[in-house]
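Peer 1:
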Amino acid sequence: MHSKTNVKINSMKCRKLSIVAVSVVLFCSCGQQPAQERGPRPVKLAEVASLNKIEKSYSGVVSPDQFSDLAFKMSGPLVAMNVLEGQRVKKGEVVAEIDPTDYKLDYDAKRASFQKASSQMQRAEKLLMKNAISMQEFETTQASYTNAKSAFENAQNTLNDTKLRAPFDGFIQKKYVENYQRVQPGQGVVCLINPAKLQVEFTIPETNIAYVTSHGSIFVEFDAYKGKLFQAKVKEYVEASQDGAGVPVFLYIDDPEFDLKKYKVSVGFSCRVVVNIENETVKGGITVPLSAVVFDNNLNNKVVFIYNPSTQKVEKRKIYDEGTIVGRNDLIVTGEVKAGEQVVAAGASYLVDGQQVKILTE
């Protein structure tokens, strides 16, 4: 019984060893199969790019360049809210009103006082010309007139301020209060935005702030208009990150082709900010797509496959990297490649050195 058990165990060990041996043979054969035994494999190519120019990409959003939180100068209950969110308004249009009753009473009283002071002033001027009153009496009447006039003008302005008017053409982005609510001086009632004046806002890491302050070019690609890049310039940026989340940067579109009548871009639109930087510190540096890099059979070396157009075959090249990614998905590398060569960007993991390939154009 004991000997049968040993035979069974030895048999299982042999079976496991056989499986391992077959696996090793398959692994070796996959890595060492002659290139001529393989047919053309479809691949996609990309160009090995020079690092003399670095491309950085960030997510951005369209925000208003001109906006205003409209507020009353005095307190009171709202008696009219004349707009809805998203509604367009013209400059001078009444957006909201507060109850003018008390302010109208004050206006009427100040107007009556001013009218009385005006009559007294006219009478004093005539009496002074006839030397019927002294200069002191005239100056007293004149001071009363000046005070009454100032009080009347203030009451008139206050009454006018019970109507909240749009300071420029735009649309109502947000309402902060509803009708019949009581508002306080300076309390925001609505947010008015000028749709003709837009900016792009994005956040950049503090370590990359030099990218937007150095000589280079900036482009904006709106998600609604993929493939169309508009040139932009830095309007302003915050000197330092407030919460460690990055530095807010604001751009304005500086492209003659950008027309809001043609490209219906508005506040809240998502976009991609592309920053191209001249990089003098890494002359000769290159990048390849991250998808082009594969491990060699020994799993220690990283390689890419360079396409030779004259033979329509690929050549395996060893590369080195420090894990630095730029742009969307490009890896900074050094090694046996140079800028301008065509590298396999899709399908590289199935290739061997010297294999013939078929180029996919789509």
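For the working numbering, add 4 to where a residue sits in the sequence shown, where the first one is 1.
Glycine included, each C-beta is placed from N, C-alpha and C at the ideal position.
In the DSSP output, what is residue 72 paired with across the bridge?
Peer 2: The partner list for residue 72 (beta bridge, DSSP) reads 196.
Peer 1: What are the boundary residues of the beta strand (DSSP E) that includes residue 118?
Peer 2: First-last for residue 118: 105-133, but that is the alpha helix (DSSP H), not the beta strand (DSSP E).
Peer 1: Could you tell me the distance, in whole angstroms, from the CA atom of residue 349 to the CA atom of residue 208?
Peer 2: Going by the C-alpha atoms only, they are around 28 Å apart.
Peer 1: Please classify residue 95: is it buried, with 16 or more other beta-carbons within 10 angstroms of its beta-carbon, or exposed?
Peer 2: Its Cβ having fewer than 16 others within 10 Å, residue 95 is exposed.
Peer 1: Reducing DSSP to helix, strand and coil, say where residue 85 ends up.
Peer 2: Residue 85: strand per DSSP, three-state reduction.
Peer 1: Measuring only from the beta carbon, is residue 265 closer than 8 Å to any heavy atom that is part of the ligand GTP?
Peer 2: You won't find the ligand GTP in this model; it holds no ligand whatsoever.
Peer 1: Three-state secondary structure (DSSP) at residue 361?
Peer 2: Strand at residue 361.
Peer 1: State yes or no: is the C-beta of residue 188 within less than 9 Å of the C-beta of residue 180?
Peer 2: Cβ atoms of residue 188 and residue 180: not closer than 9 Å.
Peer 1: Please work out which residues of its chain come closer than 8 Å, Cβ to Cβ, to residue 210, disregarding the five sequence neighbours upstream and downstream, and give them in chain order.
Peer 2: 244, 245, 250, 251.
Peer 1: Over the uninterrupted alpha helix (DSSP H) stretch that includes residue 157, give me the two end residues.
Peer 2: Unbroken alpha helix (DSSP H) run through residue 157: 139-164.
Peer 1: In the DSSP output, what is residue 208 paired with across the bridge?
Peer 2: Answer by DSSP bridge pairing, in chain order: 251.
Peer 1: Thinking residue 326 and residue 254 are a contact (beta carbons under 8 Å), I'd like their distance in whole angstroms, please.
Peer 2: So it is not a contact: roughly 33 Å between Cβ atoms.
Peer 1: With which residues is residue 334 paired in a DSSP beta bridge?
Peer 2: In the DSSP output, where bridge partners are listed per residue, residue 334 has 293, 330.
Peer 1: So the candidates are 263, 307, 225, 239; which of them puts its Cα closest to the Cα of residue 60?
Peer 2: Considering only alpha carbons, the answer is 225.
Peer 1: Are the Cβ atoms of residue 55 and residue 217 separated by less than 9 Å?
Peer 2: No. Outside cutoff.
Peer 1: Which term fits residue 53, buried or exposed, when burial requires 16 or more other beta carbons within 10 angstroms of its beta carbon?
Peer 2: Answer is buried; the Cβ neighbour count reaches 16.
Peer 1: Would you check if there are 3 or more beta carbon pairs closer than 8 Å linking the stretch 75-82 to the stretch 156-174?
Peer 2: Yes, since at least three Cβ pairs between the stretch 75-82 and the stretch 156-174 fall closer than 8 Å, the two stretches touch.
Peer 1: DSSP has residue 46 in a bridge; who is on the other side?
Peer 2: Per DSSP, 362.
Peer 1: Between the alpha carbons of residue 324 and residue 293, how many angstroms are there, rounded?
Peer 2: Rounded to the nearest angstrom, the two C-alpha atoms are 14 Å apart.
Peer 1: Look at residue 222 and residue 279 and say whether their C-beta atoms are less than 9 Å apart.
Peer 2: Against a cut-off of 9 Å, the Cβ pair of residue 279 and residue 222 comes out as a contact.
Peer 1: From the DSSP output, which residues share a beta bridge with residue 280?
Peer 2: DSSP lists 59, 221 as partners of residue 280.
Peer 1: According to DSSP, which residues form a beta bridge with residue 306?
Peer 2: Its beta-bridge partners are 299, 323.
Peer 1: Just to confirm the assignment, what range does the beta strand (DSSP E) spanning residue 235 have?
Peer 2: 234-241 is the extent of the beta strand (DSSP E) around residue 235.
Peer 1: Going by beta-carbon coordinates alone, are residue 198 and residue 82 separated by less than 9 Å?
Peer 2: No; because the gap between Cβ atoms is not below 9 Å, this pair is not in contact.
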